[in-house]
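Start counting the sequence shown at 996; every next residue gets the next number (the numbering used here).
For glycine and all other residues, C-beta sits at the position ideal for the given N, C-alpha and C.
In this text, all values refer to a predicted model and were calculated from it rather than measured experimentally.
Data first, discussion second: the structure below is written as structure tokens.
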Amino acid sequence: MSRTAARLAHIPPTVFSEMSALAVRTGALNLGQGFPDVDGPASVIAAAESALESGANQYAPGIGVPALREAIARHQQRHYGLEPDPATEVVVTTGCTEGIAAALLGLVDPGDEVVVLEPYYDSYVAMLEMCGARRRPVQLRAPTFRPDLDELRAAVTDDTKLILLNTPHNPTGTVLTREELQVIADLAIAHDVVVVTDEVYEHLVFDDALSGEGHVPIATLPGMWERTLTLSSVGKSWSFTGWKVGWATGPAPLVQALLAAKQWLTFTSGAPLQPAVAHALDHERDWPGGLARDLQARRDLLCDGLAAAGLAPRVPEGTYFATTDISHLGWADGREFCLALPERAGVVAIPTQGFYDDQEAGRQLVRWAFCKVPDVIRDGVRRLAAADLAR
996 MSRTAARLAH IPPTVFSEMS ALAVRTGALN LGQGFPDVDG PASVIAAAES
1046 ALESGANQYA PGIGVPALRE AIARHQQRHY GLEPDPATEV VVTTGCTEGI
1096 AAALLGLVDP GDEVVVLEPY YDSYVAMLEM CGARRRPVQL RAPTFRPDLD
1146 ELRAAVTDDT KLILLNTPHN PTGTVLTREE LQVIADLAIA HDVVVVTDEV
1196 YEHLVFDDAL SGEGHVPIAT LPGMWERTLT LSSVGKSWSF TGWKVGWATG
1246 PAPLVQALLA AKQWLTFTSG APLQPAVAHA LDHERDWPGG LARDLQARRD
1296 LLCDGLAAAG LAPRVPEGTY FATTDISHLG WADGREFCLA LPERAGVVAI
1346 PTQGFYDDQE AGRQLVRWAF CKVPDVIRDG VRRLAAADLA R
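What follows is the structure, given as structure tokens:
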């Protein structure tokens, strides 16, 4: 076994797979993993069908088909005033997960220090281990899940090679404010640090959060475009999680670094899906806004139901997810609670301790998904309210 494989072997299997398998095995409602019950716009599916039938079934260019790169550039300009060159500053990836992998493999050397917000999406840990990076977490602590700015200032030093951000943030639902991002930007500029930012939930921010300002890409702040690689995808905001079509935008040297690694990962993927995603970005512009409004109502339905069941949640500002603390119920940890939940209530959730290096920090936290149809959410919270959830 290689040293890299040995390091990866110490990382437990993804909790998403474990809990989704538990839902299938027990027939429980899956309020854990973040995939929607309903597909995205029919016109986008029709565009994919048309591409299949018209012969777009062979390798696409490694950087992505021109129509999609151009649509991504228009999306960035329309929403954020950024103007990436589609020829050199945009690359299509196999979902944001590959974008993260390729960005880290392309930009991080063994021994480099990477500052990352904790808890973190599980692929971050695996990829940083694969790169041989030294991980320096800055924790978003319950119950507010906001970054401690003094801890950030202490974490980013001249030894820092890269800052890995995720906003809107999975699993907490926190959306970083302009003021918080400005602190990070100031630190990145002062210490000459590259920023990689995972923004897959960029359009799924709720209008009662952050005084209505919504998501702010750090690349839009002064001095940040030239040092920021921004990652996103069609999966969350257009409800096509299974398509695995994502993208990265940023200055040409950073995009080229990502592409140098990507060419040895998937090289290319989803040839007939790429023109369909271009259609989504150009012709289904209003879809994500409508989805966000719908998700806000479903968020409230879930959070109200969790509170009624004695599981008062932290109401998220964005994403698909809400978090509850179960410490008052007497369970040793969230995983023990989640493993017992199908039998107790016929519901599956996700324990969040696996998102932390510091297992104690997340031990009593559980993540719930509200990207399900309202009837499923109602049924789920009804089951929870009727169950004995105490240890």
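Judged by pairs of C-beta atoms under 8 Å, the stretch 1195–1209 touches the stretch 1223–1237, as three or more such pairs exist.
Residue pairing by DSSP places Thr1155 opposite Glu1108 in a beta bridge. Bridge partners of Pro1132 according to DSSP: Val1111. Bridge partners of Trp1363 according to DSSP: Ala1317.
Bridge partners of Val1191 according to DSSP: Leu1159 and Leu1224. Remark: C-beta atoms of Leu1123 and Val1109 approach each other more closely than 8 Å.
Excluding residues up to 5 positions away in sequence, Gly1029, Phe1030, Pro1031, Asp1032, Leu1290, Arg1293 and Tyr1315 lie with their Cβ nearer than 8 Å to the Cβ of Cys1366 in the same chain. One Cα belongs to Glu1078, the other to Asp1383, and the distance between them is close to 54 Å. Within 10 angstroms of the beta-carbon of Val1368 lie fewer than 16 other beta-carbons, which makes it exposed. Counting the other Cβ atoms within 10 Å of the Cβ of Pro1138 gives fewer than 16, which makes it exposed. Within the stretch 1333–1362, the complete alpha helix (DSSP H) segments of 4 residues or longer fall at 1354–1357, listed in chain order. Distance between Leu1157 and Thr1167, taken at the CA atoms: about 22 Å.
Between Trp1238 and the set Ala1247, Ser1264 and Trp1259, the nearest pair of CA atoms involves Ser1264. Within the same chain, and ignoring the five residues on either side of His1070 in sequence, the residues whose Cβ sits closer than 7 Å to its Cβ are Leu1276. Between Glu1084 and Gly1245, the beta carbon gap of about 6 Å places them in contact (Cβ cut-off 8 Å). Relative to Ala1302, the option among Leu1160, Ala1381, Glu1146 and Val1019 whose CA is nearest is Ala1381.
Rounded to whole angstroms, the gap between the alpha carbons of Ser1234 and Pro1283 is 9 Å. Counting along the chain, the unbroken beta strand (DSSP E) around Val1086 starts and ends at Val1085 to Thr1088. At the C-beta level, Leu1324 and Arg1386 come within 8 Å of one another. One alpha carbon belongs to Tyr1075, the other to Ala1340, and they sit about 44 Å apart. When C-alpha distances from Glu1048 are compared across Gly1300, Asp1281 and Leu1268, the shortest belongs to Leu1268. When the beta-carbon positions are compared, Glu1175 and Pro1132 stay at least 8 Å from each other. A distance below 8 Å separates the beta carbons of Met1219 and Ala1180. The beta carbon of Arg1288 sits closer than 8 Å to those of Asp1202, all from its chain and outside the five residues before and after it, given in chain order. Ranking Gly1209, Asp1154 and Val1151 by CA distance to the CA of Thr1169 puts Gly1209 first. Leu1253 is a Cβ neighbour of Val1086, given a cutoff of 8 Å.
Runs of the alpha helix (DSSP H) spanning 4 or more residues and lying entirely within the stretch 1239–1327 occur at 1247–1257, 1268–1278 and 1282–1303, in chain order. Assignment of Val1371 by DSSP, reduced to helix, strand and coil, places it in the helix class. Counted as a single uninterrupted DSSP element, the alpha helix (DSSP H) harbouring Pro1061 occupies residues Pro1061 to Tyr1075. In the three-state DSSP reduction, Val1200 falls in the strand class (E or B).
In terms of Cβ geometry, Ala1271 and Ala1043 form a close pair [threshold 8 Å].
For a cut-off of 8 Å, the C-beta gap from Arg1330 to Gln1348 is around 6 Å, short enough to register as a contact.
Ranking Gln1354, Ala1128, Thr1088 and Ala1356 by CA distance to the CA of Leu1102 puts Ala1128 first. For Tyr1119, the enclosing alpha helix (DSSP H) covers residues Asp1117 to Cys1126.
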